[in-house]
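Just so it is clear: in the sequence shown, position 33 is 33 by UniProt numbering, and no numbers are missing. Glycine residues also receive a C-beta, built at the ideal position from the N, C-alpha and C atoms. The structure appears below as structure tokens.
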Amino acid sequence: MDALDLLLNRRSIAKLSEPAPEGNALENIIRAGLRAPDHAGLTPWRFVIAQGEGLSKLSDILVKAAEAEQSEQSVVDKVKNAPFRAPMVITVIAKVTEHEKVPAIEQHLSAGCAVQAMQMAAVAQGFQGFWRSGKWMFHPEVHQAFGLEGEDEIVGFLYLGTPNCTPMKVPERDLTKFVEYL
């Protein structure tokens with residue numbers, strides 16, 4: 001797949017099934033994440049892969065957070081099932097290092113770039129995915145479970161697997177609504 005075509009036709013696919021990436025394909029995905037912009041070489045990323053039993057552990061973490069909020073049972077059920085929407089979920093964490101020239105926001109953005117690169121590497125190898133966020137990634141119970149400290153943040157959950165549907169057409173957008181010149 002041509003790199004420009006990959007970028008111009010990026011779509012999230014929410015219907016994923018087995019197999020998930022493994023071996024060299026998974027290594028390529030992680031290596032792509034490690035190529036994200038990295039001012040001062042701080043490597044402000046951490047990737048936690050959940051698959052198999054790990055999906056159940058991720059589910060338990062999310063349920064604990066929802067129960068701590070005294071969420072309605074329908075919400076608890078939704079978060080309990082969320083990790084099982086794909087055979088693999090990679091939690092991408094911005095691991096912030098205090099640095100005089102690289103503020104926390106820049107390190108968070110770097111981790112976000114890592115997610116995008118990882119999703120594109122998955123697609124380039126025939127897999128698909130979607131990037132999820134939401135209030136649970138900011139919850140203290142979730143932060144504790146992942147060992148976050150200080151200004152560390154989860155920047156997203158990257159769901160990966162094999163596409164189980166045909167992607168919708170990429171919407172055409174009027175560039176003049178998004179671009180201006182100084």
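Can you give the Cα-Cα distance for residue i and residue j, rounded to whole angstroms?
| i | j | result |
| --- | --- | --- |
| V75 | S17 | 23 Å |
| E172 | L8 | 10 Å |
| Q119 | Y159 | 9 Å |
| T162 | I13 | 9 Å |
| I90 | L175 | 32 Å |
| D60 | V142 | 10 Å |
| E149 | K101 | 20 Å |
| D2 | P21 | 20 Å |
| Q107 | V92 | 12 Å |
| A121 | C165 | 19 Å |
| A65 | A94 | 20 Å |
| E72 | K135 | 15 Å |
| Q116 | E69 | 30 Å |
Could you name the residues of the same chain whose beta carbon sits closer than 6 Å to that of residue i, not counting the 5 residues immediately before and after it, in chain order?
| i | result |
| --- | --- |
| M137 | I154 |
| Q125 | A25 |
| A145 | I61 |
Between the options, which lies nearest to residue i when the distance is taken from Cα to Cα?
| i | options | result |
| --- | --- | --- |
| I29 | V170, A14, C113 and I105 | C113 |
| K169 | D2, A3, L4 and R10 | R10 |
| F84 | P167, D5 and F157 | F157 |
| G41 | C165, A111, R132 and E149 | A111 |
| G52 | P19, A32 and K78 | P19 |
| P87 | T97, F130, V96 and E67 | F130 |
Near residue i, what residues of its chain come up, given a Cβ to Cβ distance below 8 Å and the 5 sequence neighbours on each side ignored?
| i | result |
| --- | --- |
| L34 | T43, W45 and A114 |
Check for me: the alpha helix (DSSP H) holding residue i runs from which residue to which?
| i | result |
| --- | --- |
| E153 | No alpha helix (DSSP H) holds E153; the beta strand (DSSP E) holding it covers E153 to P163. |
| G23 | G23 to G33 |
| V115 | A104 to A124 |
Ordered along the chain, which non-local residues of its own chain (more than five positions away) have a Cβ less than 7 Å from that of residue i?
| i | result |
| --- | --- |
| K57 | A50 |
| L55 | P83, F84 and V89 |
Within the continuous beta strand (DSSP E) that includes residue i, where are the two ends?
| i | result |
| --- | --- |
| Q70 | Unbroken run through Q70: none, as it is neither H nor E. |
| R11 | Where R11 is concerned, there is no enclosing beta strand (DSSP E), given that its DSSP letter is neither H nor E. |
| G129 | Q128 to R132 |
Look up residue i in the DSSP assignment and give the residues it is bridged to.
| i | result |
| --- | --- |
| W45 | A94 |
| Q51 | M88 |
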